[in-house]
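Numbering (our numbering), first residue to last: 1 to 239.
Below is one structure, written out as structure tokens; the observations come after it.
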Amino acid sequence: MKNYISRIEAEELCNGLIMQYIGKDSPIPSFVDIDDFVKNFLKCNVLYENIAEEDSDCIGFTGDGKRPLLICRNGKTEAVVYPRNTIVLDKYLLNKNENNHRRFVLGHEAGHVLANKLNPDSPACFHHFESKRYEKYSIKDMRERYNMNECQANMFSAGLLMPRIIMIQTLKKFNGGRRLPVYGESIFHPREKTILNKMANSLQVSYTALIIRLKELGMLNRHEVSEYIQMELGLGGGK
């Protein structure tokens with residue numbers, strides 16, 4: 001992929017964007033108001049529609065003024081061409097229990113807009129497909145869901161919702177700034193799980209997204225799984 005944005009670049013850019021959005025004289029918020037950021041800082045129009053693409057996993061779309069999106073209005077399916085930098089999300093994301101999910105998808109679409117601003121020759125129109133855990137996908141489907149553009153947009157979404165400056169503040173608030181112990185790649189003691197849940201709720205992100213971000217920022221202190229088994233479960237340690 002030409003002009004691919006590295007994780008280090010995205011990290012610095014997202015932190016800088018959020019700092020500029022907040023303003024140097026304003027206190028650091030507990031979470032990023034991604035709706036206001038996208039609408040008033042990126043100047044994108046955000047709409048909610050009943051998306052009716054053939055692939056029902058399509059829940060987000062970034063328009064380019066050329067490629068249409070199938071939506072359902074008044075019981076009828078129609079193809080609508082949305083202006084450039086218009087973000088369309090499926091209405092089901094407006095459900096209260098989907099708020100964290102909606103915020104990440106909005107950040108994902110904002111990532112596409114940012115990527116196009118950084119490289120105007122890159123595509124401006126994208127469909128966002130949500131992978132279902134137990135669904136079987138064809139090679140074509142997998143390529144659509146996990147291509148470089150989609151991975152890059154996810155990277156931007158994480159960086160915008162959980163910029164380093166706010167993550168440092170959040171870790172300090174809930175754990176005194178100390179790195180959280182993790183055993184192996186994903187095992188946490190119940191006391192750390194309580195802290196992680198509080199952090200995720202404060203940031204308005206999912207538990208899983210938070211853990212991935214903590215790993216990226218080096219905010220976890222890794223231990224061997226055997227240590228957890230022996231010290232926490234009181235098992236093993238020889239015959």
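Where a beta carbon is used, it is the ideal one built from N, C-alpha and C, also for glycine.
Which value, in whole angstroms, describes the spacing of the CA atoms of residue i and residue j?
i      : j      : result
Ala10  : Ile212 : 15 Å
Arg7   : Asn74  : 43 Å
Val81  : Ile187 : 46 Å
Pro120 : Ile5   : 13 Å
Asp55  : Asp90  : 13 Å
Gly23  : Glu12  : 16 Å
Tyr92  : Ser226 : 43 Å
Ile18  : Leu94  : 24 Å
Gly16  : Ala153 : 17 Å
Glu98  : Leu106 : 12 Å
Val32  : Phe156 : 13 Å
His189 : Cys151 : 30 Å
Glu78  : Lys96  : 27 Å
Lys43  : Met231 : 52 Å
Arg222 : Leu70  : 46 Å
Take residue i as the anchor and find which of the options has the nearest alpha-carbon.
i      : options                         : result
Tyr48  : Phe61, Leu42, Phe37 and Ser226  : Phe61
His108 : Met231, Asn15 and Ile34         : Ile34
Leu114 : Gln20, Arg222, Lys96 and Cys14  : Cys14
Lys39  : Leu17, Ile87, Glu185 and Met219 : Ile87
Tyr207 : Gly184, Ala158, Tyr92 and Leu70 : Ala158
Lys117 : Phe104, Leu106, Lys96 and Asn85 : Asn85
Ile28  : Pro190, Met231 and Gln169       : Gln169
Phe104 : Ile166, Lys76 and Ile59         : Ile59
Using C-beta distances below 7 Å, list every residue in its chain close to residue i, excluding the 5 sequence neighbours before and after it, in chain order.
i      : result
Leu235 : Ile229
Gly177 : Leu171
Leu220 : Arg179, Leu180, Val182 and Leu214
Tyr21  : Phe37 and Phe41
Pick helix, strand or coil for residue i, following the three-state DSSP scheme.
i      : result
His223 : strand
Pro181 : strand
Val205 : coil
Tyr48  : strand
Leu261 : Residue 261 cannot be examined here, being either before or after the span of the chain that is shown, 1 to 239.
Arg73  : strand
Asp25  : coil
Asp55  : coil
Met19  : helix
Phe188 : coil
Val81  : strand
Phe31  : coil
Asp64  : coil
Leu89  : strand
Lys43  : coil
Arg145 : Unreliable positioning characterises Arg145 in this predicted model, as indicated by a pLDDT of 43, which lies under 50. The coordinate reading is nonetheless provided below. Correct three-state label for Arg145: helix.
Asn119 : coil
Taking Cβ to Cβ, would you say residue i is nearer than 9 Å to residue j?
i      : j      : result
Leu233 : Val205 : no
Arg164 : Leu217 : yes
Ser30  : Leu203 : yes
His101 : Asn149 : no
Which same chain residues end up closer than 6 Å to residue i when comparing Cβ atoms and leaving out the 5 residues on each side of it in sequence?
i      : result
Cys72  : Asn50 and Ala52
Glu224 : none
Note down, in chain order, each residue of its chain lying with its Cβ closer than 8 Å to the Cβ of residue i, except the 5 sequence neighbours on either side.
i      : result
Pro83  : Asn45, Gly63 and Gly65
Phe174 : Ile195, Lys198, Met199 and Ser202
Glu192 : Leu180, Pro181 and Val182
Asp25  : none
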